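Working notes, structure below.
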Amino acid sequence: MELANSAFNVTLKYCDDHKDTLVVLLSDNGDINLYHAIINLANDEFLERAPYLFNTTRAEIQKIPLYKFFQTLYVDSIIRLLLFWLNHRSTMSIDDVKYLAGLIQTKSNIQLMKSLAN
Numbered sequence: 000m001e002l003a004n005s006a007f008n009v010t011l012k013y014c015d016d017h018k019d020t021l022v023v024l025l026s027d028n029g030d031i032n033l034y035h036a037i038i039n040l041a042n043d044e045f046l047e048r049a050p051y052l053f054n055t056t057r058a059e060i061q062k063i064p065l066y067k068f069f070q071t072l073y074v075d076s077i078i079r080l081l082l083f084w085l086n087h088r089s090t091m092s093i094d095d096v097k098y099l100a101g102l103i104q105t106k107s108n109i110q111l112m113k114s115l116a117n
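Residues in the sequence shown are numbered consecutively from 0, following numbering that gives the first Met the number 0.
Written out as structure tokens, the structure reads:
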């Protein structure tokens with residue numbers, strides 16, 4: 000888990016250091032190929048970690064539609080969180096992103112909305 004935290008911190012630092020460029024490249028009029036490359040990279044990363052999370056193999060995960068559905072939800076949520084942060088940097092800190100990423104990974108959407116409402 001420490002390696003995952005370290006990798007996420009590096010990703011956040013990179014996004015922070017290159018925020019102006021990333022906002023343009025990942026905007027609606029930006030580079031769709033870059034966006035797809037980020038999705039592919041995030042999916043590969045998910046498949047590397049998933050065997051540890053689900054106590055199974057990568058091959059098994061790729062065969063089961065429910066895992067693929069969860070993978071899509073998870074990867075999309077994290078990428079959308081990073082994009083949201085890049086566009087709302089004046090109101091969100093890196094610590095806010097880490098906190099929300101932790102919630103996304105451990106709570107259902109309903110639980111997440113309830114915890115944010117309080």
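Backbone N, C-alpha and C define an ideal beta-carbon position, used for all residues, glycine too.
All values derive from a computational prediction rather than experimental measurement.
Other residues of its chain near residue i: CB distance less than 8 angstroms, five sequence neighbours each side excluded
i, result
"Leu-80", "Val-96, Leu-99, Ala-100 and Ile-103"
"Asp-19", "none"
Environment of residue i [buried if 16+ CB atoms lie within 10 Å]
i, result
"Val-23", "exposed"
"Leu-40", "exposed"
"Leu-72", "exposed"
"Ala-6", "exposed"
"Ile-109", "exposed"
Residue i - DSSP class collapsed to helix/strand/coil
i, result
"His-35", "helix"
"Asn-42", "helix"
"Ser-114", "helix"
Given residue i as reference, the closest of the options once Cα atoms are compared
i, options, result
"Val-74", "Phe-45, Thr-105, Thr-10 and His-87", "Phe-45"
"Gln-70", "Leu-85, Thr-56 and Ala-49", "Ala-49"
Closer than 8 angstroms to chain B by CB, residue i
i, result
"His-35", "No chain B appears in this structure, which consists of one protein chain only."
Contacts around residue i, its chain only, beta-carbon distance under 7 angstroms, and the 5 residues preceding and following it disregarded
i, result
"Ile-78", "Ile-37, Ile-38 and Ala-41"
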